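> Residue numbers for the sequence shown follow the working numbering, beginning at 137 and rising by one.
Glycine included, each C-beta is placed from N, C-alpha and C at the ideal position.
In this text the structure is predicted, and so the values were computed from the model without any measurement.
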Amino acid sequence: MRILLVRPQQPEETHGLKLIMICEPLELEYVGASVPDHEVLICDLMVDNNLDACLKEFNPQVVGTSCYINNISEALDVCRRVKQYDPGIRTVMGGVHAALNPKDFQNRYVDFIVHGEGMTTFKELIECLDTGGDLSRVKGIGYGKKAGFCFTDVRPFPKDVDQFPLPDRKLTQPYRKDYFYLQWRPLTIMRTSWGCPYQCTFCYNRHLTDDKYFSRSPESVVNEIESIDSKEVFIIDDTFLFNKKRLDTLYHMIKERNIEKEYLVYGRTDFVVQNKEILRKWEDIGLRMLRVGIEAVTNEELDQYNKRNSIENNKKAVEICHELGIDVSASFILQPHYTKEHFKALNRYIKELGLVYIFLNPLTPLPATDLYHEYKDRLIVPYETGHALWDFQHCVIRPTQMSLKSFYRSMNIVYLSVLNPFRVRKIKMRKQPYLLPTSKETWGLYKNMFITMVDTLFAYRQHGIIENKNSHTRIKNKATEEVGHDLN
Ligand code: B12
Ligand code: SF4
């Protein structure tokens, strides 16, 4: 069969992320690799708006698409455009949001929804469509919309993740030069494990594997690293720094094979504190940046999130990384009850830790997380109609102690004060952020900051949505009327 896999665009309301990071659609490279006996093409609309040309030239029989919460409308719109082009093409919807919230995609332009892990399911679904098999036997799908979608049983996550194929990066070859993450470019992303055994209340990732952790064998991981062309590699595991022994084995294998790369990974600060030697070894083979969830400035808040970590560990881990020459990129959660004093304390704390790369995320209770039920009645941006603003940059819960605008203003003051070029140039880093908009990439960063600030200072997009008026009802229309979004 001819299978076209489409990554939808970023909505314009999602804060200019595409100006500062566009990574390869690894999910589609994996899904494509799972059907080796078929002809597959990837069309990446985040990089090139060429859907019509792909449909015309490739003439697919099946179109699969995928999205995160913020571009649900765009993914549904891909299905609408496909059906308008040729109603006979089967449309398949997958991705992390569909994995746990499949019912959100019950829509007249969608034929199949894949929930749970997607590769095995997609392979079976394609075989079934190709041979006219019995769809009710394919685990992990929703189908048959005339009388309402019916969903087959959830497919358990496979224990042996080495059985997964390697992602087919040839499929994204035409777009590769456009993939980057901040100043990491050219960049390849890869996954060496699935899931996380911790149980933070705000976390979506852990539910994807039911709080379990599955890792690939070191041999298969190192083989993949060796096959990667770019020097810079972003390991997107939810917690790459987890199993000390495995990391040590990987270290020795990478060293023995003389693989020279620079790595960016996610990890927890308690691991760093307890395993300084492993971090030292990994710095030696190229670990340049660690992304950590510091989340809060008090232990009470960390306990509320069930983070099972402490501010003492957070501080110590940042010190260790700085001592070893590893940059730290940290994310923080901004709670709706924050006051100006909280923001000031946060600003002081970030500076005390000597951090530069920060992400300030207003608390976002993603559907399917523990927090969603707690906050679902307090949402000012219902996710069914305002997907684009569920980007971890907008407040989807109304601040209780400040107006929305002053909340955003305080958030921007922290960003501006931390990223102040006079401060940044004094801090020693492996990869210094660009200070002046002198190239295409740095200009993107500045543009992103400017757009984000102007937007949030006036909260204009958000007000359009909250009050459901003016041009910003576009988001709502797009999701509900234009593409006929039939939410349950
Ligand atoms: C790396 C990453 C990024 C990268 C981009 C990666 C990329 N490929 O574009 C960066 C850092 C740029 C990023 C940005 C954002 N991200 Co992000 N990101 C991740 C992370 C850590 C890994 C995603 C990944 O590449 N997985 C690897 C692939 C192989 O796995 P997969 O996506 O699960 O795909 C499998 C199945 O879903 C299924 N499948 C997927 N697509 C399809 C399609 C078909 C047809 C089929 C049949 C099956 C199928 O099969 C795949 C293979 O098993 C996840 C966390 C996580 N655990 O998923 C968060 C995550 C996906 N991000 C999230 C969010 C919200 C964002 C942002 C909106 C906001 C932000 N500031 O983080 C932006 C939006 C950018 C965008 N692309 O639109 C949320 C999404 C929540 C949700 N319910 O949708 C997650 C879960 C993290 C979280 N905060 O909870 N992200
Ligand atoms: S440690 Fe990170 S990935 Fe694991 S549950 Fe907590 S937030 Fe999620």
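1) Just jot down, in chain order, the residues whose CB lies closer than 5 angstroms to any heavy atom of the ligand SF4.
2) From which residue to which residue does the beta strand (DSSP E) around A466 run?
3) Compute the distance between the beta-carbons of A453 and V408, then report whether it is under 8 angstroms.
4) Which of the three DSSP states, helix, strand or coil, is assigned to T257?
5) For the ligand B12, I want to know if Y441 counts as a neighbour, meaning its beta carbon is within less than 7 angstroms of at least one of the ligand's heavy atoms.
6) Would you identify the three-state DSSP class for I421, choosing helix, strand or coil?
7) The alpha helix (DSSP H) with I361 in it runs from where to where?
8) Does DSSP put V550 in a helix, in a strand, or in coil?
9) So does the region 518–538 actually touch the region 213–230, counting three or more Cβ pairs closer than 8 angstroms?
10) Quick check: what's the CA-CA separation for Y334 versus T375?
11) Residue range of the beta strand (DSSP E) that G200 falls in?
12) Check for me: the alpha helix (DSSP H) holding G168 runs from which residue to which?
13) With contact counted as at least three CB pairs below 8 angstroms, one residue from each stretch, are the region 349–367 and the region 401–416 in contact?
14) From the DSSP output, in three-state form, read off S209 for me.
15) Determine the burial state of G252: buried for a count of at least 16 other Cβ atoms within 10 Å of its Cβ, exposed for fewer.
16) Does the Cβ of D188 have 16 or more other Cβ atoms within 10 Å, making it buried, or fewer, making it exposed?
17) Using 8 angstroms for Cβ pairs, my map puts V297 next to W330. What's the rounded Cβ distance?
18) I need the boundaries of the beta strand (DSSP E) containing N497, first residue and last residue.
19) Taking DSSP as the reference, what is the three-state secondary structure of E448?
20) Hey, how far is the Cα of Q529 from the Cα of N497?
21) Could you tell me if the beta carbon of H233 falls within a distance shorter than 7 angstroms of some heavy atom in the ligand B12?
22) Around the C-beta of L470, are 16 or more other C-beta atoms found within 10 angstroms, so that it is buried, or is it exposed?
23) When you compare only the Cα positions, how much space is there between Q242 and F350?
24) By the DSSP assignment, the beta strand (DSSP E) with M326 in it spans what residues?
25) Note down, in chain order, each residue of its chain lying with its Cβ closer than 6 angstroms to the Cβ of L155, except the 5 sequence neighbours on either side.
26) Under 8 angstroms between the Cβ atoms of P147 and N185?
27) Pull up the CB-CB distance for G278 and G254, whole angstroms please, since I reckon it's below 8 angstroms.
28) Mind checking which residues open and close the alpha helix (DSSP H) that includes R179?
29) In chain order, what residues of the same chain have a beta carbon less than 7 angstroms from the beta carbon of D506, not counting five sequence neighbours either side?
30) In chain order, what residues of the same chain have a beta carbon less than 6 angstroms from the beta carbon of E603, not counting five sequence neighbours either side?
31) Which word fits A283, buried or exposed, when buried means at least 16 other C-beta atoms lie within 10 angstroms of its C-beta?
32) With respect to 7 angstroms, is the separation between the Cβ of T475 and the closest non-hydrogen atom of the ligand B12 below this value?
33) Given 7 angstroms as the limit, tell me if F558 has its C-beta closer than that to any heavy atom belonging to the ligand B12.
Quick answer:
1) C332, Y334, C336, C339, N341, R342 and D374
2) Along the sequence shown, read from residue 1 onward, the residue named residue 466 stands at position 330. Counting along the chain, the beta strand (DSSP E) containing A466 begins and ends at D463 to L470.
3) Position 317 of the sequence shown holds residue 453. Position 272 of the sequence shown holds residue 408. Taking 8 angstroms as the Cβ cut-off, A453 and V408 qualify as a contacting pair.
4) Along the sequence shown, one-based indexing puts residue 257 at 121. Here T257 sits in helix by DSSP.
5) Position 305 of the sequence shown, counting from 1, holds the residue named residue 441. The answer is no for Y441.
6) Numbered from its first residue, the sequence shown carries residue 421 at position 285. Three-state result, I421: coil.
7) As a first step, residue 361 is located in the sequence shown; it is residue number 225 there, counting from the start. Looking at the DSSP string, the run of the alpha helix (DSSP H) that includes I361 is P354 to S363.
8) Position 414 of the sequence shown holds residue 550. Of the three classes helix, strand and coil, the one that applies to V550 here is helix, per DSSP.
9) With a cut-off of 8 angstroms, the region 213–230 and the region 518–538 do not count as touching, because too few Cβ pairs lie within range.
10) Taking the first residue of the sequence shown as position 1, residue 334 is located at position 198. Taking the first residue of the sequence shown as position 1, residue 375 is located at position 239. Going by the C-alpha atoms only, they are around 9 angstroms apart.
11) As a position in the sequence shown, residue 200 is number 64, starting the count at 1. Unbroken beta strand (DSSP E) run through G200: V198 to S202.
12) Along the sequence shown, one-based indexing puts residue 168 at 32. Start and end: L162 to A169.
13) no
14) Counting from one through the sequence shown, the residue named residue 209 turns up at place 73. DSSP places S209 in helix when its eight states are reduced to three.
15) The count along the sequence shown starts at 1 and reaches residue 252 at position 116. Under this definition G252 is a buried residue.
16) Here residue 188 corresponds to residue number 52 of the sequence shown, with the count starting at 1. Result: exposed.
17) The residue labelled residue 297 in the question sits at position 161 within the sequence shown. The residue labelled residue 330 in the question sits at position 194 within the sequence shown. 6 angstroms between Cβ atoms; contact.
18) Translated into the one-based positions of the sequence shown, residue 497 becomes position 361. From DSSP, the beta strand (DSSP E) with N497 extends over Y493 to P498.
19) Against the sequence shown, residue 448 aligns to sequence position 312. Three-state result, E448: helix.
20) Counting from 1 along the sequence shown, the entry for residue 529 is found at position 393. Counting from 1 along the sequence shown, the entry for residue 497 is found at position 361. About 6 angstroms.
21) Within the sequence shown, the letter at position 97 stands for residue 233. Answer for H233: yes, Cβ within range of the ligand B12.
22) Walking along the sequence shown from the start, residue 470 turns up at place 334. So L470 ends up on the buried side.
23) Residue numbering aside, residue 242 sits at position 106 when the sequence shown is read from its first letter. Residue numbering aside, residue 350 sits at position 214 when the sequence shown is read from its first letter. The C-alpha of Q242 lies about 30 angstroms from the C-alpha of F350.
24) Here residue 326 is taken as the residue at index 190 of the sequence shown, counted from 1. Run containing M326: L323 to M326, per the beta strand (DSSP E) assignment.
25) Translated into the one-based positions of the sequence shown, residue 155 becomes position 19. Excluding positions up to five away in sequence, the list reads G580, K583 and N584.
26) Indexing the sequence shown from 1 puts residue 147 at position 11. Indexing the sequence shown from 1 puts residue 185 at position 49. Not a contact, by the Cβ cut-off of 8 angstroms.
27) As a first step, residue 278 is located in the sequence shown; it is residue number 142 there, counting from the start. As a first step, residue 254 is located in the sequence shown; it is residue number 118 there, counting from the start. Not a contact, Cβ separation roughly 13 angstroms.
28) For this step, residue 179 is matched to residue 43 along the sequence shown. At residue 179 the sequence reads Cys, which differs from the Arg that was named. Note, C179: premise wrong, no alpha helix (DSSP H); beta strand (DSSP E) at E175 to D180.
29) Numbered from its first residue, the sequence shown carries residue 506 at position 370. T337.
30) Here residue 603 refers to the residue found at position 467 of the sequence shown. Low confidence applies here, because E603 scores a pLDDT of 49, under 50, leaving its location unreliable; read the following figure in that light. No residues qualify anywhere along the chain.
31) Within the sequence shown, the letter at position 147 stands for residue 283. With fewer than 16 Cβ atoms within 10 Å of its Cβ, A283 is classed as exposed.
32) One-based indexing of the sequence shown puts residue 475 at position 339. Every heavy atom of the ligand B12 is 7 angstroms or more from the Cβ of T475, so no.
33) The residue labelled residue 558 in the question sits at position 422 within the sequence shown. No, Cβ of F558 sits at least 7 angstroms from all heavy atoms of the ligand B12.
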